[in-house]
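Here's the structure, in structure tokens; my notes come after.
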Amino acid sequence: MKTGFTQTGAMLQLSSPLGPDDLLLDSMEGSEGLSELFKFDLHMRSGSTSLSAESVVGKAMTVTVSVPGAATRHFSGMVARFIHTGQDRDFAVYQAQLVPALWLLTLSRDRKVFPNMSVDAILGDVLTLFGVSYDSKLSGVYPKRDYCVQYDESAFDFISRLMEQAGICYFFTFSSSGHRMVLADAPAQFADCDGGSAIRFWPATGMSKPVDTVTRFAHEHRIALQKATVSDYEFRTPDTSLEGSFSAAAGMGATYEFASGQPSVDAARALAQLRVEAGQAGARLLHGDSYCHAFSAGAKFTLSGHFVPTLNAAYVLRRVRHTARADSYANAFEAFPAALPFRPAMHTARPHAAGCETALVVGPEGEEIWTDQYGRVKVRFAWDRGTKDHERAPWVRVAQASAGKGFGALFLPRVGHEVVISYLNGDPDRPLITGSVYNGNNATPAALPANQTQSVLRTRSIKQGSAGNELRFEDKKDAEQLYLHAQKDMLVEIEDALTTTLRKGAEMHTLEEGDRTLELKKGNELHKVAGTRAVTATGDETHANEARFTHTVKGDYALTVDGSLTITVKGAIKVVTEDALSLEAAKTLLAKAGEALTNEAGKELTNKAGTALTSKAGTALTCEAGTDLTSKAGKALLQSAGMKIESKAPIINSKADATQTVQAGASLTLKGAMTKVN
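Every letter in the sequence shown is one number past the one before it in numbering that gives the first Met the number 0, and letter 326, counting from 1, is 325.
Pasting the structure below:
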């Protein structure tokens, strides 16, 4: 192998991690474009056959093109591939491929959540993470997204689709120290070519190769998209149409895009405009060849000297293919009018989330339920390697069995629950909780498989409760049961009728402690018992009726009182019996009236005492019979009065079987029309 060769003074020079002359650049070919990764292929020679690939791959290299009469141009990148292809007579032959640092993002694959971030903030976060040097010229306002996820895709595909959706393009600038990525979203952000933007059209003739001239310039027109309509649905404003459209002055065809993620009609209209501008980006293209080594994607130039006057205008380079040899440089380029906005086409497919996955519900420390006014909860996916702070977790809507306007079902997953996540239209940015599953930490409410015949709905008291409300169904044959448990209070409200039918068996209500109140504000109460009925009260029992009280007994009525019985009536008492009425007292029976007491019998009235019977009146006592009045005593009959006893009748018989004594303390008078004393 020959040695001692140097690239000093050469038009093509290479700066590499090796020595300054360890690699000599023979040629370079490659391309760069708006929203494209550049790629430069280098063909090199070396006096050494044993150059270390490890010393080159992944490192930076810079190609310098020095054309007399023009500014120096640099092409820099990272070595993605280094090949020892063989050797010629004097040198070992090598090849290398330069790519941007952004290319490293194509090697990744991840799932990562970006909550409550705007597109430009997400781009900055990802580019910084991968060490990509960039400059942002963005002038648009990008709203924060509630939820955005990189989902089973490379970081490059992730940011590419975000930029395509938002109408952001990128390109690269080069210097002797490296390259930088530039983000742009408006025509004014494209800068002039290095060394000046004025470029003369100079058709190729013969062997002349004027520096910084365009030798071929072709104008292409294409049919382009004319109209785009985008629409979306926002659950917070379900009655608001979020459809927006935009039409170009020329073109053909129309597109419709749903679930665009736009929060308003204005935003939808702006997005529709981006879609049309992306479609119109290829409507007018300029193709050409040049010796302008300052041409670079994203750079702007102004053409002059073309024989078609309307083509002498300002253009932005969309794509440039470079070819450099040891003694020459040329390129082929594609450009568009500088007045037109450039929007990248939507080439990067959105990942499709097929099927379901699970996540854990999260919330602040110490909270067992964490929700917002829409019943959403925050979740953290098992694959999310970010911090476990609930602040970065996304709010996710929860599907319910029914969801109406102020009615329906409401069961909120609690912190620590494992929930099933589905995706609306398969969009990873639109998760929806559709269920919950048990796991090793959250066991089933019924021990399985022992209680596999049970279906259970059980809640847990907040906070730090160990029990809760429960509704349980036991479906074991011949042991079926419906179990309802209220951990504290139970409130039942019925707007109309309540019917409970117990077809067989017993009904039992047990109140272990507390009071029971039955209030019937309006209407009647009816109790019907086919058999016996018993009421037992260990304490006092009080009945209060504000109106009449009627008690009807078809059979016998027995009232047993172990203590005293007191009946207090403000009105009259009437006891009516179709048979006998007996009042019996083991000791004393007292019938007392404030004014009059009358004992009346249709036939016979008997007052009987085992020892003595006393009839006493404060003023007068009258014993009267319609026919006969008999006063009889087994031994003695005593009639006594404080002043006078008068017996008066047409006939009065006083008779004694043995002796009758009539005696007066002072005088005794016997008087009659005829008086016999015998």
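All residues carry an ideal CB built from backbone N, CA and C; glycine is no exception.
No experiment lies behind these values; they were computed from the predicted model shown.
Per the C-alpha coordinates, the member of GLN188, TYR482, HIS286 positioned closest to PHE200 is HIS286. When the beta-carbon positions are compared, PRO412 and VAL360 come within less than 8 Å of each other.
When the beta-carbon positions are compared, CYS168 and ALA293 stay at least 8 Å from each other. Per DSSP, reduced to three states, the secondary structure at PHE155 is helical.
If you draw a straight line from the Cα of PHE332 to the Cα of TRP382, it comes to about 44 Å.
Cα atoms of ASP145 and VAL376: separation of roughly 13 Å, rounded to the nearest angstrom. A straight line joining the alpha-carbon of GLU577 with that of ALA571 spans about 20 Å. Nearest Cα to LEU510 within the set THR498, GLU494, ALA536, PRO393: ALA536.
Here the alpha carbons of ALA557 and LYS487 stand approximately 42 Å from one another. Unbroken beta strand (DSSP E) runs of no fewer than 3 residues, entirely contained in the region 63-94, are found at 72-86, following chain order. LEU519 has its alpha-carbon roughly 45 Å from the corresponding atom of ARG235. In terms of Cα proximity to THR347, the closest of SER15, ASP21, MET27, SER34 is SER34. Close CB contacts of HIS305 within its chain, under the 7 Å cut and outside five residues either way in sequence, are with PHE200, PHE216, ASN311 (chain order). Pairwise C-beta distances place the region 244-261 out of contact with the region 175-188, as fewer than three of them are shorter than 8 Å. Residue pairing from DSSP leaves LEU50 without any beta-bridge partner. When Cβ pairs closer than 8 Å are counted between the two stretches, the region 314-328 is seen not to touch the region 235-244, the count staying below three.
Closest in alpha carbon position to ASP326, among ASP20, ALA91, SER26, LYS503, is SER26.
Between TYR150 and ARG110 a beta carbon distance of about 6 Å is seen, short of the 8 Å cut, so the two are scored as contacting.
Its chain contains VAL148, ASP383 as the residues whose beta carbon lies nearer than 6 Å to that of VAL112, once the 5 sequence neighbours on both sides are disregarded; these appear in chain order. ARG459 has its alpha-carbon roughly 41 Å from the corresponding atom of HIS542. Taking the Cα of ARG44 as reference, the smallest distance to any Cα among ALA91, THR499, ALA223 is reached at ALA91. Just so you know, the alpha carbons of PRO427 and ARG391 end up roughly 16 Å apart. In this structure, LEU273 sits near GLY166, with a CB-CB distance shorter than 8 Å.
8 Å or more divides the Cβ of LYS136 from the Cβ of SER117.
Taking the Cα positions, ARG515 is about 35 Å away from THR452. Residue range 299-303 is occupied by the beta strand (DSSP E) that includes LEU302. Counting along the chain, the unbroken beta strand (DSSP E) around VAL112 starts and ends at 109-112. Spatial neighbours of ASP265 in its own chain (CB-CB distance under 6 Å, excluding positions within 5 residues in sequence) are not present.
DSSP lists GLU28, GLN96 as the bridge partner or partners of ASP40.
Spanning the alpha carbons of ARG283 and ALA223 requires a straight line of approximately 9 Å.
Inter-residue distance for TRP102 and PHE155 is about 8 Å (C-alpha atoms, whole angstroms).
Each residue's CA atom was taken as its position, placing GLN12 and ASP288 some 23 Å apart. The beta carbons of ILE432 and ALA398 sit about 6 Å from each other, so the pair counts as a contact at 8 Å. Taking the C-beta atoms as reference points, LEU470 is found nearer than 8 Å to LEU483.
Ranked by Cα distance from ALA400, the first of PRO393, TRP394, ALA408 is ALA408. Nearest in C-alpha terms to CYS291, of all of GLY281, ALA269, THR214, PRO336, is THR214.
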